[in-house]
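Per the working numbering, the very first residue in the sequence shown carries number 16; after that it's consecutive. Built from N, CA and C at the ideal position, the CB exists for glycine as well. Take a look at the structure below.
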Amino acid sequence: MKSLVTSAVCASLLGLLPAAAQAQAQTQDARDQFFATLKSLCGQQFDGVLVYPKDPQHDFAGKRLHADFAACSERQIKVPFQVGEDKSRTWIISRTPTGLALQHDHRHADGTPDAVTMYGGMASTTGSALSQSFLADDYTAKLVKGAATNVWTISVSADGTTLTYHLERDAQPRATVVFKRSGAG
Numbered sequence: 016m017k018s019l020v021t022s023a024v025c026a027s028l029l030g031l032l033p034a035a036a037q038a039q040a041q042t043q044d045a046r047d048q049f050f051a052t053l054k055s056l057c058g059q060q061f062d063g064v065l066v067y068p069k070d071p072q073h074d075f076a077g078k079r080l081h082a083d084f085a086a087c088s089e090r091q092i093k094v095p096f097q098v099g100e101d102k103s104r105t106w107i108i109s110r111t112p113t114g115l116a117l118q119h120d121h122r123h124a125d126g127t128p129d130a131v132t133m134y135g136g137m138a139s140t141t142g143s144a145l146s147q148s149f150l151a152d153d154y155t156a157k158l159v160k161g162a163a164t165n166v167w168t169i170s171v172s173a174d175g176t177t178l179t180y181h182l183e184r185d186a187q188p189r190a191t192v193v194f195k196r197s198g199a200g
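Shown next as structure tokens:
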């Protein structure tokens, strides 16, 4: 038994892990790298524009879109997202024991939670250090009608000056906002 344990330890040290275990480690590394990428933006502010849909009736159309990487810790990043004068939204990206989570925290002006809040999902296994896609979780599917297929993708340019927030539903684009770094908070 002792030699079996020793062999397993040696195999893992030599990088002879099964392919599935290696893939899982790489996936988690990409999620951790992405979290580190976002964390490097702490203190930075970004101004954005709605690039899709090109619909003047969309809630974000013609309004100032502003993201502020305001609060960062080892486990969580909070990004208040302002639409015009509406400061009710905050994106929360969290490191969890099972991966990387995105939540949308919506609040009323008095700070109380909106009825539709804390929706989002977990990062998929196909992301990178610069981009992660978050698939809607069960809570979101129950809370928001039709949102079971939502996928939110957050991407950062290699130089950290451009941030893209993209939402798909039923594999069709619903909204894309492109932000440019505008300064420090």
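Check your understanding: Can you pull the DSSP bridge partners for Ala183?
Key -> The sequence shown places Glu at residue 183, rather than the Ala named in the question. Answer by DSSP bridge pairing, in chain order: Val166 and Pro188.
Review point. What's the C-alpha gap between Gly135 and Thr111?
Key: Taking the straight line from one Cα to the other gives about 14 Å.
Review point. Could you give the residue range of the beta strand (DSSP E) that holds Leu65?
Key: Annotation for Leu65: the continuous beta strand (DSSP E) segment containing it runs Gln59 to Tyr67.
Practice item. Quick one: which unbroken alpha helix (DSSP H) runs of 4-plus residues sit fully inside the segment 50-134? Chain order, please. Key: None, since the segment 50-134 contains no complete alpha helix (DSSP H) of that length.
Practice item. Give the range of the alpha helix (DSSP H) segment to which Ala156 is assigned. Key: Taken as a continuous stretch (DSSP letters only), the alpha helix (DSSP H) holding Ala156 covers Asp153 to Leu158.
Check your understanding: Run through DSSP, which three-state label would Ala138 get?
Key -> The answer is strand: DSSP assigns Ala138 an E or B state.
Practice item. Per DSSP, which residues does Leu178 bridge with? Please list them. Key: Paired residues: Val171 and Phe194.
Check your understanding: Smallest Cα separation from Gly175: which of Thr164, Phe84 and His121?
Key -> The shortest C-alpha separation from Gly175 is found at Phe84.
Review point. Can you tell me whether Gly142 is buried or exposed, with buried defined as 16 or more other CB within 10 angstroms of its CB?
Key: Classification for Gly142: buried.
Check your understanding: Cβ of Gln118 within 7 Å of Cβ of Ile107?
Key -> Judged by beta-carbon spacing, Ile107 lies within the 7 Å limit of Gln118, meaning their Cβ atoms are closer than that value.
Point to revise | CB of Thr155 within 7 Å of CB of Arg184, strictly | key: By the CB criterion at 7 Å, Thr155 and Arg184 fall outside the cutoff.
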